[in-house]
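Read the structure below first, then the notes.
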Amino acid sequence: MPRIDPNVSPLETPLQALPGVGAARAALLLKLNLVTVGDLLHYAPRRHEDRRHLLNIRQLMIQKPATTRGRIVALGTKHYQQRSKSVFEIILEDGTGRLHCRWWNLPFMERYFAVGDEVMVFGRLRSVKPRVMDHPETEIIESASDEEGTIAEKSVHLDRVVPVYGLTEGLPQRWLRTLVWRVLTQFRNHIVEPRPGLILEDLPGRAEALGWIHFPSDLRETKRARERLALDEFIDLQLAIQRRRKNLEANARGLPCAGDNRLVRPFLRELGFKLTRAQTRVLREMRADLGGAFPMRRLLQGDVGSGKTVVAACCALMAMESGYNVALMVPTEILAAQHYSNFVRWFGPLGISIEMQTGSRKTAGEGPGELSASGDASRLTLFIGTHALLESGFGMENLGLVIIDEQHKFGVTQRETLVRKGRYPHLLVMTATPIPRTLGLTVYGDLDVSAIDELPAGRGRVRTFVRAPGQLARVHEFIKKLLAAGQQAYVVLPRVEEADLRTGKKAVLQEFARLQAVFAPHRVGMLHGRLPAHEKERVMTEFREKRVQVLLATSVIEVGMDVPSATVMLVENAEQFGLAQLHQLRGRIGRGAQESWCILVGESKTDEASERLRVLASTADGFEIAEADLRLRGPGELLGRHQSGAPLLVFGNLAEDGAIVDRARLLAARLLDGPKI
Numbered sequence: 082m083p084r085i086d087p088n089v090s091p092l093e094t095p096l097q098a099l100p101g102v103g104a105a106r107a108a109l110l111l112k113l114n115l116v117t118v119g120d121l122l123h124y125a126p127r128r129h130e131d132r133r134h135l136l137n138i139r140q141l142m143i144q145k146p147a148t149t150r151g152r153i154v155a156l157g158t159k160h161y162q163q164r165s166k167s168v169f170e171i172i173l174e175d176g177t178g179r180l181h182c183r184w185w186n187l188p189f190m191e192r193y194f195a196v197g198d199e200v201m202v203f204g205r206l207r208s209v210k211p212r213v214m215d216h217p218e219t220e221i222i223e224s225a226s227d228e229e230g231t232i233a234e235k236s237v238h239l240d241r242v243v244p245v246y247g248l249t250e251g252l253p254q255r256w257l258r259t260l261v262w263r264v265l266t267q268f269r270n271h272i273v274e275p276r277p278g279l280i281l282e283d284l285p286g287r288a289e290a291l292g293w294i295h296f297p298s299d300l301r302e303t304k305r306a307r308e309r310l311a312l313d314e315f316i317d318l319q320l321a322i323q324r325r326r327k328n329l330e331a332n333a334r335g336l337p338c339a340g341d342n343r344l345v346r347p348f349l350r351e352l353g354f355k356l357t358r359a360q361t362r363v364l365r366e367m368r369a370d371l372g373g374a375f376p377m378r379r380l381l382q383g384d385v386g387s388g389k390t391v392v393a394a395c396c397a398l399m400a401m402e403s404g405y406n407v408a409l410m411v412p413t414e415i416l417a418a419q420h421y422s423n424f425v426r427w428f429g430p431l432g433i434s435i436e437m438q439t440g441s442r443k444t445a446g447e448g449p450g451e452l453s454a455s456g457d458a459s460r461l462t463l464f465i466g467t468h469a470l471l472e473s474g475f476g477m478e479n480l481g482l483v484i485i486d487e488q489h490k491f492g493v494t495q496r497e498t499l500v501r502k503g504r505y506p507h508l509l510v511m512t513a514t515p516i517p518r519t520l521g522l523t524v525y526g527d528l529d530v531s532a533i534d535e536l537p538a539g540r541g542r543v544r545t546f547v548r549a550p551g552q553l554a555r556v557h558e559f560i561k562k563l564l565a566a567g568q569q570a571y572v573v574l575p576r577v578e579e580a581d582l583r584t585g586k587k588a589v590l591q592e593f594a595r596l597q598a599v600f601a602p603h604r605v606g607m608l609h610g611r612l613p614a615h616e617k618e619r620v621m622t623e624f625r626e627k628r629v630q631v632l633l634a635t636s637v638i639e640v641g642m643d644v645p646s647a648t649v650m651l652v653e654n655a656e657q658f659g660l661a662q663l664h665q666l667r668g669r670i671g672r673g674a675q676e677s678w679c680i681l682v683g684e685s686k687t688d689e690a691s692e693r694l695r696v697l698a699s700t701a702d703g704f705e706i707a708e709a710d711l712r713l714r715g716p717g718e719l720l721g722r723h724q725s726g727a728p729l730l731v732f733g734n735l736a737e738d739g740a741i742v743d744r745a746r747l748l749a750a751r752l753l754d755g756p757k758i
């Protein structure tokens, strides 16, 4: 057994060094990322069970968790030789009735009980005649003359508010709960305040909070303990965010990129429509940043179709008026191609070079130092690309502004990698998935936020309906009437291939031929992420030019498709998609003046799936949808677990802790700006 190192903080003690753990159990704890005493103390229970209220045996109800007690009047093990099974059973009696407690294939349980023992049990009643509990938690009620420590440890599991932890196979709940109790008892005095001078009179101390979060006297203590521990997490997060911002302001000077309007003015004149008041307001905010003392770090959020790309184009032109190149990074080749097409049309007449860099397509050489298909390399250049812009061999000279579109598809590290290709260029990140306020203060807390909160005039209304799979034939007939009137439609499925007939999940490759027959004589095109780049471009071009009337696709079209005559979005297996993703898909229609229809076909087998579809059908407000998505699925799902940069919170809840985040933000500012606390 490893020895405890006296030179290391007691909370860094390996769990394997504790009595009763050993190498085998330590390996199981490692699967839960529990290595040290500190890890275990911060392992939050999944829930708590109040086992203090005793019922007599007659009061027990089927499938209702409850605690009861009685005396063992009989016990024994029955073996089933043909099936190699056994069942150990004790029968309890309390004067109101009898309770049969059974354990399957655990014959060794027999050694722990004897007739006459008084036993407390917790579990769910399986049947009434006879009353049966399978695998309940039990505790033999000992006499008061037992050693005090033994009695305290045995009271951990029953007759109190009990923590229930997430487990891994082979790790018993009862054993882990006992280990947490022992560790708390042994190491409680070594739990220190992370900021000793910070007085939080309304909340428990750190050691008290960790004790309450595991073994509270009542459920009110768990609430107060969680608030304290969440506040600590959010303070740490806010300190990191605010330090990052202060370091940027201390070490970097903003490049002069406010421009002089010599490119912006003719661009807006030829655009064909006036900017909205929201777009104009946001552009004023950004021009101030681009001419400021520090590099711009701004998040632009606006609903689908609100005109973020035009605002980004104006910012790019301001930087170019000032003599700097610009980079625009997007998550998919489809979106890159869409932007490339738009910017060539917009910027070409202004004499600006446009280069595209994706995994499968390059319009230039290895960098701006070489000639390209767009013209002379000495001209100002807008680089448009996917993750390929991050490649070490791809350089961008004289970079003044970095724009990242659909930023929730990228991570903080990728964002910083692109920014480092210049000398502290300005940064604009954009999202059509509005950011709930708590995420804005945490994940994006180092960014200033601008919001385009109105849509351009002349957009058609989008109506959303939820339909059951049995109504699909009627939906198809409705779409065919619109196709006959010269409109176009999207049909979105969750998979490329491998349809699951058992669950009803559909796939594009299997459905293509069937839908060709359904919508004949109208032509059906197919688009998914596995197609070669030239095939994707061909299909998108044919759809834009109305040579294809129905586009069958996966969610790859959630960004990058702008076809005003597409007025119908049919999403099958809609329950398979996230709320924000469905909202993005819906944003592909309603881009012209005609009324549009979004039809969600699915089976809501869970309450969450039903709520997602209900929310989408009831509102088109992206901010309301984002808040609902955060509440239903949490920040990891909303932003993409692996690349979002979402904070790893154990006790904090970004969907519910807005007030705690606000408090942490103010306390972090005090810690950084005021006297040392």
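Going by the working numbering, the first residue of the sequence shown is number 82, and it counts up by one from there. Here a beta-carbon is modelled for each residue, glycine too, at the ideal position from N, C-alpha and C.
- Per the DSSP secondary-structure output, residue 588 pairs in a beta bridge with 576.
- A direct Cα-Cα distance of roughly 28 Å separates residue 130 from residue 282.
- In chain order, 284 and 741 place their CB closer than 7 Å to the CB of residue 308, counting only its own chain and leaving out the 5 sequence neighbours on each side.
- Counted as a single uninterrupted DSSP element, the beta strand (DSSP E) harbouring residue 159 occupies residues 146-161.
- Residue 529: member of the beta strand (DSSP E) spanning 529-533, first to last residue.
- Scanning its chain for C-beta atoms nearer than 8 Å, with the 5 sequence neighbours on each side dropped, one finds around residue 333 the residues 375, 376 and 505, in chain order.
- Counting C-beta atoms within 10 angstroms of its own C-beta, residue 434 has 16 or more neighbours from the protein chains shown and is therefore classed as buried.
- For residue 210, no pairing in a beta bridge is given by DSSP.
- Comparing alpha-carbon positions, the option among 667, 481, 477 and 317 lying closest to residue 372 turns out to be 481.
- For the pair residue 386 and residue 563, the CB atoms are not nearer than the 8 Å cut-off.
- When the Cα atoms are used, residue 301 and residue 529 turn out to be separated by approximately 37 Å.
- Distances from the CA of residue 730 to each of 620, 317 and 661 were compared; the closest alpha carbon is that of 317.
- DSSP lists 161 as the bridge partner or partners of residue 166.
- The DSSP-derived three-state label of residue 511 is strand.
- Nearest neighbour of residue 360 by Cα position, chosen from 207, 534 and 606, turns out to be 534.
- Note on geometry: alpha-carbon atoms of residue 594 and residue 625 lie some 22 Å from one another.
- The continuous stretches of alpha helix (DSSP H) do not include residue 465, which lies in the beta strand (DSSP E) extending over residues 462-466.
- The DSSP-derived three-state label of residue 295 is helix.
- In the structure shown, residue 236 adopts coil according to DSSP, grouped into three states.
- According to the DSSP secondary-structure assignment, residue 185 is paired through a beta bridge with 168.
- When secondary structure is reduced to three states using DSSP, residue 438 falls in the strand class.
- The continuous alpha helix (DSSP H) containing residue 266 extends over residues 254-268.
- Secondary structure of residue 321 (DSSP, three-state): helix.
- In the DSSP assignment, residue 192 falls outside any beta strand (DSSP E) and carries neither an H nor an E.
- Take the alpha-carbon of residue 733 and the one of residue 708: they are about 17 Å apart.
- Within the same chain, Cβ atoms closer than 7 Å to the Cβ of residue 643 are found at 419 and 672, the five residues on either side in sequence being excluded.
- If you draw a straight line from the Cα of residue 264 to the Cα of residue 271, it is about 11 Å long.
- Around the C-beta of residue 319, 16 or more other C-beta atoms lie within 10 Å, and the residue is accordingly described as buried.
- Between the segment 134-144 and the segment 165-172 there are fewer than three C-beta pairs closer than 8 Å, too few to call the two in contact.
- Within the model, the alpha-carbon separation for residue 103 versus residue 172 is close to 35 Å.
- Assigned with DSSP and collapsed to three states, residue 287 falls in helix.
- For residue 370, the enclosing alpha helix (DSSP H) starts and ends at 358-371.
- When only Cα atoms are considered, residue 415 and residue 637 end up about 8 Å apart.
- The beta-carbon separation of residue 514 and residue 665, rounded to 7 Å, stays under the 8 Å limit for a contact.
- Residue nearest to residue 139 within the set 180, 161, 112 and 120 is 180 (criterion: CA-CA distance).
- The DSSP assignment places complete alpha helix (DSSP H) segments of no fewer than 4 residues inside the segment 305-356 at 345-352, in order along the chain.
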